[in-house]
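Note sheet for the following structure.
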Amino acid sequence: MTQVKVCGSTSLEDIAIINQEHPDYAGFVLAGGRHHVSDDQLQTLTAALDPTICKVAVVVEPDLRHLIRLHDQHLIDAVQLHRVSRKKTIVALQQAGLMVISRIDVSAPSTVADIALLDAGDGSGETLSWNELPPVDQPLMLAGGLDGNNVQTAIQAVHPQIVDASSRLETNGHKDANKVHAFVSAVRAIKEEL
Ligand SMILES: O=C(O)c1ccccc1N[C@@H]1O[C@H](COP(=O)(O)O)[C@@H](O)[C@H]1O
């Protein structure tokens, strides 16, 4: 059963779409860039999110005290570290009660994190060469340019536990209900076949 993450929500309109399609994880980008949300925005967006959806903070340079404070405030359940991160950082976040998703390098495909992440860019919409990825001997989240048109091919090639998408689910920079629906339902259709 492949789980689904939809990332990069920035508005209450985006959250309404997320609640409608109900992915397993919703990602909020704390890193800089066009998907960045402030702590105040995170509070507003997560208050409107269906509480059964796991809230993931996406960071590039992890600030442990900040992340642990957000977790203590019940604003995040998990952290997605978008760089290959030090074991000490990952363990500190886990000890604080956060689930940790951490990027791995294809040349050293393992991590002490709960979930390994393979991605092509930082929300760039670029895809990986799915048939050339190394075997990963732990739960894996696959990201990078996924959408309703290509996610079934990606799952069949890589067999990840979680698939994650953001930029290709948008129109004019905002989540598009039809594209989010196509992505989530393509994943849910394939899990019935496997
Ligand atoms: O979206 C961003 O701006 C971003 C910034 C810094 C790190 C990661 C970022 N995005 C995340 O990257 C993956 C894949 O995105 P895409 O589907 O290729 O657009 C996803 O988790 C995004 O939220």
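According to the UniProt record's numbering, the sequence shown is numbered sequentially starting from 1.
Just so it is clear, CB atoms sit at the ideal spot from N, CA and C, and this is done for glycine as well.
Measuring only the C-alpha atoms, how far is residue i from residue j?
i	j	result
Thr10	Glu61	20 Å
Ala63	Ser85	Before going on, a small fix: residue 63 reads as Asp here, not Ala. Taking the straight line from one Cα to the other gives about 12 Å.
Ile76	Ser107	30 Å
Ile90	Val37	22 Å
Leu67	Leu30	10 Å
Ile15	Cys7	11 Å
Leu194	Gln138	In this prediction, Leu194 has a pLDDT of 45, which is less than 50 and means its spatial position is unreliable; what the coordinates show is noted afterwards. The straight-line gap from Cα to Cα measures roughly 19 Å.
Gln73	Leu49	15 Å
Gly32	Gly123	11 Å
Asp176	Leu128	23 Å
Gly125	Arg65	30 Å
Ser110	His35	28 Å
Ser102	Asp24	18 Å
His22	Glu13	14 Å
Leu70	Ala47	13 Å
I believe residue i touches residue j by the beta-carbon criterion, under 8 Å. Please report the beta-carbon distance rounded to the nearest angstrom.
i	j	result
Ala116	Val100	With 8 Å as the limit, Ala116 and Val100 do not qualify as a contact, their Cβ atoms being about 10 Å apart.
Ile162	Lys5	6 Å
residue 203	Leu142	This structure does not reach residue 203, given that the chain is present from 1 up to 194, and the question cannot be answered.
Val112	His82	Val112 to His82, Cβ: 17 Å. No contact.
Ile17	Ile53	Not confirmed; about 12 Å, so no contact.
Would DSSP call residue i helix, strand or coil?
i	result
residue 216	Here the chain has residues from 1 to 194 only, and residue 216 is not among them.
Gln138	coil
Arg188	helix
Leu117	strand
Asp105	strand
Gln80	strand
Ile68	helix
Val163	strand
Gln73	coil
Val60	coil
Thr10	coil
Thr44	helix
Val100	strand
Taking the beta carbon of residue i as the centre, do at least 16 other beta carbons fall within 10 Å, making it buried, or is it exposed?
i	result
Pro51	exposed
Met1	exposed
Asp39	exposed
Gly173	exposed
Asp105	exposed
Lys87	exposed
Ser166	buried
Gln80	buried
Ala26	buried
Ala154	buried
- Item | Contact the stretch 89 to 100 vs the stretch 124 to 141: 3+ CB pairs below 8 Å | Judged by pairs of C-beta atoms under 8 Å, the stretch 89 to 100 does not touch the stretch 124 to 141, as fewer than three such pairs exist.
- Counting Cβ pairs closer than 8 Å, one from the stretch 41 to 57 and one from the stretch 180 to 191, do we hit at least three? With a cut-off of 8 Å, the stretch 180 to 191 and the stretch 41 to 57 do not count as touching, because too few Cβ pairs lie within range.
- Query: On the three-pair Cβ rule with 8 Å, is the stretch 184 to 191 touching the stretch 143 to 153?
  - Reply: Judged by Cβ distances under 8 Å, the stretch 184 to 191 makes contact with the stretch 143 to 153, as three or more pairs qualify.
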